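What follows is a short report on a single structure.
In my numbering, the protein residues as written are 12 to 274.
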């Protein structure tokens, strides 16, 4: 086992242990049986996160070079911690489905996803500042962002804090990637996306809105309108990007690219 995977294993052990500690803390607000249900789902999600990261451990190098690092580094460790918190939010879904009280769980989900979203700017900035930008870290960051938004959307829906149609925001990226895969499979060309800062702005908007929506009693009366604005902006952005990658917008001479089916 190489040093990168050893450091991933250590991070995985830390994630599982911290998840067990949170499960013990949850017994103050839910029954022991409910806490075990939460632990089961959250623990599986943490293991899946570490397993996914381990599959791409060979990408622990600076993009465009073969300069591999011996361990995953602090920025990627923070990203893994963000993913672990997302797993904790995912465990809330299981608790609600088994009938656990939802008010405190909604606050748990709101604070958890809010922390995971807030740390999104920390890992990237730290990677650039310490010269530890890696292909693995970039892949993991994108994956945690996408999975986090999906998990938080589902949690908000089952908690009754978000309308059911907000799930479209959580699955938008996966539908986009599936569309690229289908175009590649059917032999249709795919084109590069032009740079657009608004993509990060729209993603940041979701990360700011969803914790607010999850928090019960904070902005409940405004959630339908705010959800429509946030979801509409993001989905319109994806629609515009689809017109670009499918060649319906932009110059016809733009460079073709393969579909990113592995992300």
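Even for Gly, the Cβ is constructed at its ideal location relative to N, Cα and C. Note that this is a predicted model, so its numbers are computed, not measured.
The beta-carbon separation of residue 114 and residue 49, rounded to 16 angstroms, does not stay under the 8 angstroms limit for a contact. Per DSSP, the beta bridge partners of residue 79 are 72.
The segment 28–66 is shown to contain whole alpha helix (DSSP H) runs of 4 or more residues at 43–66, in chain order. Annotation: residue 13 to residue 207 spans about 38 angstroms, alpha carbon to alpha carbon.
Exposed is the label assigned to residue 142, since fewer than 16 other Cβ atoms lie within 10 Å of its Cβ. Taking the CA atoms as reference points, residue 228 sits about 26 angstroms from residue 157. Taking one beta carbon from each stretch, the segment 161–178 and the segment 252–261 have fewer than 3 pairs nearer than 8 angstroms; the two do not touch. One thing to note: residue 121 has its Cβ no nearer than 7 angstroms to the Cβ of residue 174.
Pairing residue 181 with residue 243, the inter-Cα distance amounts to about 13 angstroms.
Burial is judged here by how many other beta carbons sit within 10 angstroms of a residue's own beta carbon; residue 99 has at least 16 and is buried. Annotation for residue 218: 128 and 131 place their beta carbon closer than 7 angstroms to its own, counting only its chain and skipping 5 residues before and after. Ranked by how close their Cα comes to the Cα of residue 245, the residues 75, 86, 220 and 53 have 220 in first place. With a threshold of 16 other beta carbon atoms within 10 Å, residue 53 meets it and is buried. For residue 197, there is no enclosing alpha helix (DSSP H), since its DSSP letter is neither H nor E.
Straight-line measurement puts the Cα of residue 183 at about 20 angstroms from the Cα of residue 260.
Under the 10 Å beta carbon count, residue 102 is surrounded by 16 or more other beta carbons and is classified as buried. Under the three-state reduction of DSSP output, residue 170 falls in the coil class, being neither helix nor strand. Its chain contains 71 as the residues whose beta carbon lies nearer than 6 angstroms to that of residue 80, once the 5 sequence neighbours on both sides are disregarded; these appear in chain order. Ranked by how close their Cα comes to the Cα of residue 44, the residues 109, 26 and 90 have 109 in first place.
Here residue 152 has 90, 134 and 135 as same chain residues with Cβ atoms under 7 angstroms from its own Cβ, once five neighbours each way along the sequence are excluded. At a Cβ-Cβ threshold of 7 angstroms, residue 125 and residue 222 count as neighbours. Residue 147 counts as buried, since no fewer than 16 other beta carbons sit within 10 angstroms of its beta carbon. Annotation for residue 239: the continuous alpha helix (DSSP H) segment containing it runs 234–256. Around the beta-carbon of residue 59, fewer than 16 other beta-carbon atoms lie within 10 Å, marking it exposed.
In this structure, the straight-line span from the alpha carbon of residue 42 to that of residue 36 is close to 11 angstroms.
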